[in-house]
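Below is one structure; the comments refer to it alone.
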Amino acid sequence: MSSSVRYPMCPNDGFPLIDVDGAIVCSVERADALIGGQQVTNATNANGYLYLNFANGASMPLTCPCCGGRLHLRGLSHEQLGQMLAGRNVEGFRHGEWVGGDEAGQRHPIFAIQFSGQEDLSARTIQVGLDSVHCIQEDSSYRENGSELH
Ligand SMILES: [Zn+2]
Ligand SMILES: [Zn+2]
1 MSSSVRYPMC
11 PNDGFPLIDV
21 DGAIVCSVER
31 ADALIGGQQV
41 TNATNANGYL
51 YLNFANGASM
61 PLTCPCCGGR
71 LHLRGLSHEQ
81 LGQMLAGRNV
91 EGFRHGEWVG
101 GDEAGQRHPI
111 FAIQFSGQED
121 LSARTIQVGL
131 DSVHCIQEDS
141 SYRENGSELH
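Shown next, in the form of structure tokens:
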């Protein structure tokens, strides 16, 4: 996802709206319906992405807010992130913007997921791109059919 088009916002909560199979839906309402309160069971690599798997069978790929590729993690491997998040529950969602460091200052929406735990909130929050919300799957077995991120 490389466009700098600003996303329209949901009038109810201010979260970005996303297009899922032709339907305009609110990112946080979709995320809450699919993974709200859910416990992370583990993390798996598939299609070049790290997926968080949840107790209800849902899964979510971790994408980067700036480029839509796989999430870049500073000083942490994907496996370590998976281990850190396993057993935690999704506690809440926030949204923000990542602003590019180049002169264009491109803005990209960020979707943040807060997990349960004792640490400072920032230490148990991960920021992903809206593609992650778009690509949440209700049952991770669908992924085995070779479907790709879009
Ligand atoms: Zn909404
Ligand atoms: Zn990136």
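Be aware that the sequence shown starts at 1, since it is given in the numbering used here, and climbs by one per residue. By construction, the Cβ of each residue, glycine as well, lies at the ideal position given by its N, Cα and C atoms.
Which listed residue (the options) has its alpha carbon closest to that of residue i
i: Val99; options: Ser59, Ile110, Asn89 and Ala55; result: Ile110
i: Leu138; options: Ser27, Ala31 and Ala23; result: In the sequence as presented, Leu is not what sits at residue 138; that position holds Glu. Here the closest residue by C-alpha is Ala31.
i: Ser122; options: Val28, Gly92 and Ala86; result: Gly92
i: Thr44; options: Asp21, Ala86 and Asp13; result: Ala86
i: Gln106; options: Val25, Pro8, Ser77 and Cys66; result: Cys66
Residue i Cβ short of 7 Å to ligand 1 heavy atom set
i: Val28; result: yes
i: Asp19; result: no
Rounded C-alpha distance that separates residue i from residue j
i: His72; j: Ile35; result: 22 Å
i: Cys64; j: Cys135; result: 13 Å
Residue i beta carbon near ligand 2 (any heavy atom closer than 7 Å)
i: His78; result: no
i: Cys135; result: no
i: Cys10; result: no
i: Gly69; result: yes
i: His95; result: no
Cβ-based neighbour list, residue i, same chain, cut-off 8 Å, excluding 5 preceding and 5 following
i: Phe115; result: Val40, Leu85, Arg88, Asn89, Val90, Glu91, Arg124, Thr125 and Ile126
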